[in-house]
Ligand code: ADP
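Residue numbers (my numbering): -15 to 172.
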């Protein structure tokens, strides 16, 4: 049985990777599908996100990375997949995910949504949280797959470092500029 794991993955986190790894043990093939969403301004392009997912899932032989736009069920049918894999963290996820699963069921009877409960250690983790921490200059290595962390640091360092003098006017320290943060419009 083939499963599609659709999402934004902006960027992929250890929570996503955990769902992918567990899904890959349950299904013959897991297709991680990055949604091309014109209504969002992401931090990473679709191509960059696909590359990050590929670099993070190289150890899983039955995982494929793709992108799609339009309806998820249409894409699933096109890929001959009859399962949509989704992760559940908190109660607020449940409401939205259930609504989406029911909606998808009205669109296609054959496609089932399967939820994997988050592992305890990832229950708090989201792409937005990772971006928020990185934006404020914190470390995120323990929250994202190892090949992805440098991309995130690089991305924020690129955003015009500015010089901020310390109060005692001893050496000037460099801080990343934090005004600009695309892709923060939705949790996830
Ligand atoms: P979307 O914009 O579709 O919500 P995301 O990339 O935010 O895309 O999430 C994709 C899927 O992964 C969703 O089902 C989400 O609930 C799940 N997910 C995200 N973070 C975690 C986590 N830490 N643990 C388990 N599932 C997660």
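Backbone N, C-alpha and C fix where the C-beta goes; we use that ideal spot for every residue, glycine too. Fair warning: this is a prediction, and the values are worked out from it, not measured in the lab.
If I'm right that residue i touches residue j with Cβ under 8 Å, what's the distance once you round it to whole angstroms?
i: residue 132; j: residue 8; result: About 18 Å; that fails the 8 Å criterion.
i: residue 65; j: residue 15; result: 6 Å
i: residue 57; j: residue 91; result: 5 Å
i: residue 4; j: residue 44; result: 7 Å
i: residue 129; j: residue 10; result: Not a contact, Cβ separation roughly 20 Å.
i: residue 47; j: residue 34; result: That belief does not hold up - the Cβ atoms of residue 47 and residue 34 are roughly 12 Å apart, past 8 Å.
i: residue -14; j: residue 38; result: So it is not a contact: roughly 18 Å between Cβ atoms.
i: residue 102; j: residue 73; result: 5 Å
Can you name the residues that DSSP bridges to residue i?
i: residue -10; result: 17
i: residue 202; result: Absent from the model: residue 202. The displayed extent of the chain is -15 to 172, so no value can be given.
State yes or no: is the C-beta of residue i nearer than 8 Å to some heavy atom of the ligand ZN?
i: residue 73; result: Here the bound small molecules are the ligand ADP; the ligand ZN is not part of this structure.
Given 8 Å, three or more beta-carbon pairs between the region 111 to 129 and the region -5 to 2: yes
Cβ pair count under 8 Å reaching 3, the region 134 to 141 against the region 27 to 40: yes
Segment contact flag, the region 47 to 62 with the region 9 to 26, C-beta cutoff 8 Å, min 3 pairs: yes
Minimum length 3: unbroken beta strand (DSSP E) runs contained in the region 5 to 42: 13 to 19
Contained alpha helix (DSSP H) runs [length at least 4] in the region 59 to 128, N- to C-terminal order: 75 to 91 and 111 to 119
Segment contact flag, the region 93 to 101 with the region 117 to 129, C-beta cutoff 8 Å, min 3 pairs: no
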